[in-house]
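Quick note on full-length UniProt numbering: the sequence shown kicks off at 1 and runs consecutively. Cβ coordinates follow ideal geometry from the N, Cα and C atoms, glycine included. Everything numeric in this text was worked out from a predicted model, so none of it was measured.
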Amino acid sequence: MGPSGSGKSTLLQTAARLDRPTSGLVWVGDTKLSQLSETKLTKQRRPEIGFVFQAFSFIGALTVQENIALPVRLSGKRADPIWMQQIVARVGLDERLFHHPSELSGGAAATRRDRSGTSGGHLL
């Protein structure tokens with residue numbers, strides 16, 4: 001927490017490997033982020049970081065289950081069914097897996113924008 005303009009979003013986006021620092025060094029664990037290529041940043045981001053989006057982020061043509069599994073599939077893996085059960089229970093969509101985003105109430109969609117843990121990540 002901090003005042004507007006104090007760098008909260010910049011810190012989070014840099015730690016999440018979405019932005020590069022304009023000066024200084026950024027380390028996450030034993031990894032010096034400023035020395036990694038975009039490809040290496042992406043490869044590290046997928047298994048290490050979960051995101052909670054502030055804006056609606058489901059893809060309308062996919063079911064809830066497909067949306068949640070998407071980051072895992074993009075990394076060339078299959079989502080573990082037990083893991084999927086845990087994730088959907090965490091965000092309260094366990095009975096809505098085969099619904100499309102348009103079939104969710106505004107509140108359900110707005111409060112379940114969580115793709116955290118989709119990669120088994122360490123940073124949320």
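Every alpha helix (DSSP H) of 4 residues or more that sits fully in the UniProt domain "ABC transporter" (1-108) is shown, in chain order, as 8-15, 38-48, 64-74, 81-91.
The distance from the Cβ of Leu97 to that of Val72 is about 15 Å, inconsistent with a contact at the 8 Å cut-off. CA-to-CA, the gap between Ser37 and Val28 works out to about 15 Å.
When the Cα atoms are used, Lys43 and Leu62 turn out to be separated by approximately 24 Å. As the crow flies, the alpha-carbon of Leu93 is around 22 Å from that of Leu74. Across the structure, Arg46 and Met84 are spaced so that their CA atoms are roughly 16 Å apart. Rounded to the nearest whole angstrom, the CA to CA distance from Leu25 to Leu33 is 8 Å. Taking the Cβ atoms as the reference, Ile59 lies roughly 20 Å from Ala16, outside the contact range of under 8 Å. Ranked by Cα distance from Thr14, the first of Ser4, Thr31, Leu70 is Thr31. Sixteen is the threshold: since fewer than 16 other Cβ atoms of the shown chains lie within 10 Å of the Cβ of Ile82, the residue is exposed.
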